[in-house]
Structures are given as C-alpha cells and as structure tokens.
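Visitor: In the working numbering, the protein residues as written are 9 to 114. By construction, the Cβ of each residue, glycine as well, lies at the ideal position given by its N, Cα and C atoms. My questions all concern the structure below.
Here you go:
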C-alpha cells in the first residue's frame, strides 16, 4: 500500500495505524481489531458476509467463502476508501450496542 493511501486511511475517524498481526507492515485498526492491510499489490479489507455478498466479486474478491476479508487491487483507490469506511463502521466494538449497555459485537 502506498504511503499516500495509508495516510488517507489513517485519517479516518477512530482508527489507528499499527503493524499488521499477519504481515508486520502498517495496517489500519479500529477498537483493537485489524481491518485493513496490504498483500503484494492488493489491499485486504475486513467486512461482513452480508456486505461481501453484495459486492462486485471482480473488483472485491472474497478471500474464502467463509472469510470476512476481501482483496482489492491497489489501483482501485476509491473502492478501497469506500470499503475501508464501511469496515470501520461494521468492526467497531460498539456496533449494535444499546446506550448504557455493554456491546454484544464480536
């Protein structure tokens, strides 16, 4: 992932840039969960099965049938930014949380 894209992803609300647990390279994390990292010409983004099923599989390739990750070519900058924004939303620890109650998200 190029430095400019990493910087833009790092400016999304509530995220931090820290080493990937898989690659050791810079990755995007939200609430202690890794949601974006790079692999040899692709960016891998953690979504949900429902979101993945609604995507164009040619532009956002599911990693595996049961995986929460999709692979997007590094050249698909706008798609990476869009899906990364969605990834932040669906991977927050407070998703589905009722105010005053602990989160039930996993």
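1. In three-state terms, what does DSSP make of residue 63?
2. If I follow the unbroken beta strand (DSSP E) through residue 54, where does it start and stop?
3. Give me the Cα-Cα distance between residue 29 and residue 42, rounded to the nearest whole angstrom.
4. Looking at the unbroken alpha helix (DSSP H) that takes in residue 95, where does it start and where does it end?
5. Spatial neighbours of residue 39 within its chain, please: CB distance less than 6 Å, with the 5 preceding and 5 following residues excluded, ordered by chain position.
6. Could you name the residues that DSSP lists as bridge partners for residue 27?
7. Residue range of the alpha helix (DSSP H) that residue 15 falls in?
8. Look up residue 70 in the DSSP assignment and give the residues it is bridged to.
Guide: For this structure:
1. coil
2. 50-54
3. 8 Å
4. 85-99
5. 100, 101
6. 34
7. Where residue 15 is concerned, the enclosing alpha helix (DSSP H) stretches over 11-18.
8. 78
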